[in-house]
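To start, the structure itself, in structure tokens.
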Amino acid sequence: MTQALIQKASSVDCTLVAKEWLDRLHKASVARNPAAFAELFISAGWLRDLLCFGWDFRTIQGRDNIALYLSETVPNGNTKANRFAKSSISKLTVEISSSLGPPSLFPLPGAPDSMSGVQAVFTFELDNPARTGRGFVRLVQAPGDSDNSGGALHWKALTAFFNIEDLKDHPEPKERSNGVFDGHMVAWPDVRAQMAKSVEEDPTVLIIGAGQGGLMCAARMGRMGIRALLVEKLPRVGDVWRNRYPNLSLHTPAHFCTILYHPWPKTYPKYMAKDMVANFLESYAYENNLVIWLSSTVLNDPQPVYNEETGRWSVHVERTIKTESFEVKSIVTLHPKHVVLATGSGRAHIPKWPGMASFKGTIYHSDNHKSPEKWAGKKAVIVGACNAAGDVAQSFVAPAHLAASVTVVQRSATCVVAASSLDAVFYSEFYPESRPIEDADLLDGSMPLRFLLNMFRDGLTARLKEMDKALLTGLQEHGFRLNYELEPGAGEVGLPGFLHERRGSGSMLDVGFGQSVIEGKVNIKSGIEVDHFESDAIVFQDGTRLEADVVVLATGNKPIIDNATDLFGKDITKKIGDQIWGLDKEGEFMNTYRPTGQRGLWFVAGPFAQGRFFSKHLAIQILAEEHGLKN
């Protein structure tokens with residue numbers, strides 16, 4: 010722990026420590042002095058700012074950099090002010106009664122067990138525009154200012170998280186609506202029909218894609234009074250899950266994957282099957298009164314065009330209306346102010362090798378793996394060694410449709426973590442079932458992502474590897490190669506690095522595949538690249554042959570940016586860059602839920618937790634634009 014002169018935990022009044030730190034923050038705010046605020050951090054401290062000191066997501070490391078960031082001049086009505094002065098943070102209050110409070114001790118990474126920091130939740134208000142917020146700070150003891158401290162220790166921030174909660178004049182409702190219309194003279198179906206009509210005729214937001222991310226954003230926007238229309242190319246909500254391979258399930262726990270406003274029933278298992286997810290999403294759309302055009306497609310010819318003068322898009326949609334007796338297609342032109350692309354990963358990535366056309370067996374991508382039983386008694390080969398490969402391999406070795414042989418071709422080393430181990434280290438700590446999801450999300454969000462990667466590099470990855478020692482040793486003994494570094498020599502950032510930087514590529518959360526390898530049910534071919542196909546086999550660069558009846562390409566998907574260029578044209582990258590998802594230099598996700606270089610264009614990506622948490626931030630940004638509050 011750098012700058013660690015930490016006193017023993019038993020002598021700390023945590024609430025007093027937190028209040029005194031907030032008092033110093035209040036004094037800095039009254040003085041409109043960003044440098045004084047920066048002095049409340051250790052020299053290498055972290056500030057994470059989600060729409061509090063600016064209209065973007067920022068993570069700043071280092072006291073000097075924090076001072077520079079908050080000193081930047083920004084518009085303030087008809088004048089200008091520095092970020093810190095404009096926001097005028099006030100009403101700072103330590104939160105005592107939530108599941109995260111009162112202030113408490115936390116173990117310091119790399120410090121002796123007897124040494125601890127203080128963590129606290131707090132609430133605050135901001136001006137220009139008027140907003141409410143909720144934060145989380147981790148304090149450690151460090152030397153005070155050299156000119157007047159006399160070497161004394163002061164509690165300073167290791168990390169401080171400032172998160173917007175609401176626009177004060179346009180808050181998200183917390184209570185149920187009345188549900189009685191015009192003195193009980195108008196029936197709900199009529200109200201629902203009128204609401205859908207107003208959305209379809211003049212949507213403020215067009216959301217393309219009705220997977221979990223798009224659905225949660227639409228639900229959040231509807232709750233906050235924003236007209237949002239969803240367009241989904243598949244016939245039913247949930248088909249994006251329903252149509253996948255039979256043994257697909259969530260690899261992360263149910264509570265972490267909670268759907269916004271609708272927790273999973275307690276009767277659902279911890280790791281849910283894909284059909285349970287699919288059907289729940291379908292009911293979610295109905296229960297949240299979402300307006301969705303199913304079996305409908307946003308056209309790329311002509312491409313959507315944004316009018317800078319009117320602030321509206323022109324978007325052409327091939328809409329399909331189906332009933333039991335007929336199906337009608339028509340081209341509808343919409344003029345939303347905002348377009349949200351929530352289409353998930355890009356198209357299947359299918360490598361091309363010589364001879365594939367002459368292969369007499371069957372080749373398909375793992376996205377299309379649906380009927381393993383047809384390959385019972387056959388020789389199955391899976392190219393790829395990440396989550397999808399593990400799931401597909403498990404489907405082939407299931408007793409009900411056991412293949413004659415199953416071989417995984419591992420082209421590059423894989424970061425493997427047992428799902429049970431990650432649950433014990435992360436999910437059980439941040440997302441226990443007993444913790445309200447809003448509190449869990451705040452705690453999760455309070456951890457700057459590059460700070461988190463450093464923690465894994467500095468010991469958490471090693472801890473997980475030790476927990477998984479038997480699994481990992483068994484995999485290696487059967488030829489499966491392991492890797493926990495994004496770049497050689499850059500440190501073992503482990504699973505979070507692969508998830509955040511590479512959208513999970515190169516990693517596997519193991520839920521049974523490893524044991525199948527150890528038991529000899531799944532063979533491993535690793536370290537030798539595919540050279541070409543023959544009529545009945547894959548031939549590798551060392552000349553070895555692997556006979557196959559079916560080859561499943563678990564080779565991942567193309568980048569999300571491809572979805573954007575397919576729809577908006579390649580020139581869109583001149584405005585938004587060439588990457589969606591992945592971390593920027595500061596450690597925030599690029600182009601997701603935050604402003605892009607194209608006004609009125611937004612992207613939604615990531616797991617359930619991402620959509621649940623950041624849907625609020627996206628809705629607030631759109632509301633702020635709608636009400637002219639951004640400057």
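Each residue of the sequence shown is one higher than the one before, counting from 10 in the working numbering.
Just so it is clear, CB atoms sit at the ideal spot from N, CA and C, and this is done for glycine as well.
Same chain, Cβ closer than 6 Å to residue i, five either side skipped, listed in chain order
{"i": "Ile69", "result": "Leu56, Ile75, Tyr78"}
{"i": "His179", "result": "Leu632"}
{"i": "Ser155", "result": "Low confidence applies to Ser155: its pLDDT is 42, below 50, so where it sits in the model is not reliable enough to give any reading."}
{"i": "Asn157", "result": "At Asn157 the pLDDT is 48, less than 50, meaning the model places this residue with poor confidence; the figure from the coordinates comes in the next sentence. Nothing meets the Cβ criterion."}
{"i": "Met233", "result": "Glu181, Ala628"}
{"i": "Val200", "result": "Phe190"}
{"i": "Gly506", "result": "Leu462, Leu495"}
{"i": "Lys242", "result": "Thr306"}
Cut-off 8 Å between Cβ atoms - residues of its own chain near residue i, not counting five sequence neighbours on either side
{"i": "Arg621", "result": "Met225, Thr267, Ile268, Leu269, Ile446, Asp450"}
{"i": "Asp22", "result": "none"}
{"i": "Lys369", "result": "Ser544, Asp545"}
{"i": "Ile15", "result": "Unreliable positioning characterises Ile15 in this predicted model, as indicated by a pLDDT of 46, which lies under 50. The coordinate reading is nonetheless provided below. So the qualifying residues of the chain are Leu117, Ala120, Met124, Ser125, Gly126, Val149, Gln150."}
{"i": "Ile359", "result": "His374, Leu562, Thr564"}
{"i": "Ser99", "result": "His35, Ser38, Phe133, Glu134, Leu135, Asp136"}
{"i": "Lys567", "result": "Ser354, Gly355, Arg356, Ala357, His358"}
{"i": "Val426", "result": "Leu473, Asp477, Gly503, Leu504, Ser516, Met517, Leu518, Asp519"}
{"i": "Ala228", "result": "Leu269, Tyr270, Tyr293, Asn297, Leu299, Ser624"}
Three-state secondary structure assigned by DSSP to residue i
{"i": "Asn91", "result": "strand"}
{"i": "Pro198", "result": "helix"}
{"i": "His626", "result": "helix"}
{"i": "Met456", "result": "coil"}
{"i": "Met365", "result": "helix"}
{"i": "Ala407", "result": "coil"}
{"i": "Ser155", "result": "Caution applies to Ser155, whose pLDDT of 42 falls short of 50 and renders its modelled position unreliable; the model cannot decide the point."}
{"i": "Ala120", "result": "coil"}
{"i": "Trp640", "result": "Note that residue 640 is Asn in the sequence shown here, rather than Trp. Asn640 falls in the coil class under three-state DSSP."}
{"i": "Met476", "result": "helix"}
{"i": "Gln312", "result": "coil"}
{"i": "Met517", "result": "strand"}
{"i": "Asn600", "result": "coil"}
{"i": "Phe133", "result": "strand"}
{"i": "Cys424", "result": "strand"}
{"i": "Ser80", "result": "helix"}
{"i": "Ser380", "result": "coil"}
{"i": "His325", "result": "strand"}
{"i": "Val26", "result": "helix"}
{"i": "Ala166", "result": "strand"}
{"i": "Leu56", "result": "strand"}
{"i": "Leu14", "result": "Confidence at Leu14 is low in this model, with a pLDDT of 42, below 50, so its placement is unreliable and the value that follows should be read with caution. Reduced to three states, the DSSP call for Leu14 is coil."}
Nonlocal neighbours in the same chain, by C-beta distance under 7 Å from residue i, ignoring five residues either side
{"i": "Leu31", "result": "Leu101, Val103, Phe131"}
{"i": "Pro311", "result": "His325"}
{"i": "Phe577", "result": "Gln312, Pro313"}
{"i": "Tyr440", "result": "Pro262, His264, Phe265, Ala449"}
CA nearest to the CA of residue i, picked from the options
{"i": "Glu209", "options": "Glu318, Arg321, Leu299", "result": "Leu299"}
{"i": "Thr371", "options": "Ile569, Asp73, Leu162, Phe542", "result": "Phe542"}
{"i": "Arg251", "options": "His271, Arg229, Ala228, Val286", "result": "Val286"}
{"i": "Tyr293", "options": "Pro274, Lys206, Asn256", "result": "Pro274"}
{"i": "Glu528", "options": "Gln403, Ser305, Asp593", "result": "Gln403"}
{"i": "Arg466", "options": "Lys206, Phe598, Gly500", "result": "Gly500"}
{"i": "Trp64", "options": "His347, Thr319, Lys36, Arg140", "result": "Arg140"}
{"i": "Thr168", "options": "Gly515, Glu296, Gly71", "result": "Gly71"}
{"i": "Arg459", "options": "Pro84, Gly596, Gly220, Leu215", "result": "Gly596"}
{"i": "Ala385", "options": "Asn377, Phe405, Phe489, Ala398", "result": "Phe405"}
{"i": "Glu48", "options": "Ser20, Pro152, Arg67", "result": "Pro152"}
{"i": "Ile330", "options": "Asn297, Pro255, Pro244", "result": "Pro244"}
{"i": "Thr342", "options": "Phe335, Ser334, Leu350, Arg328", "result": "Arg328"}
{"i": "Asn600", "options": "Gly54, Arg33, Ser52, Arg67", "result": "Arg67"}
{"i": "Asp284", "options": "Leu257, Leu303, His271, Ser304", "result": "Leu257"}
{"i": "Gly468", "options": "Pro457, Tyr493, Thr276, Ser455", "result": "Tyr493"}
Given 8 Å as the limit, is there contact between the region 124–132 and the region 96–114, that is, 3 or more CB pairs closer than that?
Touching, per the Cβ criterion.
Which residue spans inside the region 170–230 form an unbroken beta strand (DSSP E) run of at least 3?
Within the region 170–230, complete beta strand (DSSP E) segments of at least 3 residues are found at 214–217, given in chain order.
Pairs of beta-carbons, one from the region 418–430 and one from the region 470–488, closer than 8 Å: are there three or more?
Yes, they touch.
Tell me the start and end of each unbroken alpha helix (DSSP H) in the region 528–594 that is at least 4 residues and wholly inside, in chain order.
List check, alpha helix (DSSP H) in window: 569–577, 582–585.
Per the contact definition of three or more C-beta pairs closer than 8 Å, is the region 410–422 in contact with the region 368–386?
Counting Cβ pairs under 8 Å, three or more are found: they touch.
Segments assigned beta strand (DSSP E), at least 3 residues, entirely inside the region 270–305:
If you keep only unbroken beta strand (DSSP E) runs of at least 3 residues inside the region 270–305, you get 300–302.
Is it the case that the region 384–396 contacts the region 416–427, given that we only count it when at least three CB pairs across the two stretches are under 8 Å?
They touch, by the three-pair rule.
Would the region 601–619 and the region 521–535 be scored as touching if the rule is three or more Cβ pairs under 8 Å?
No, the region 601–619 does not touch the region 521–535.
Are the region 86–93 and the region 38–50 touching, with three or more C-beta to C-beta distances below 8 Å?
Inter-segment contact for the region 86–93 and the region 38–50 is present: three or more beta-carbon pairs are separated by less than 8 Å.
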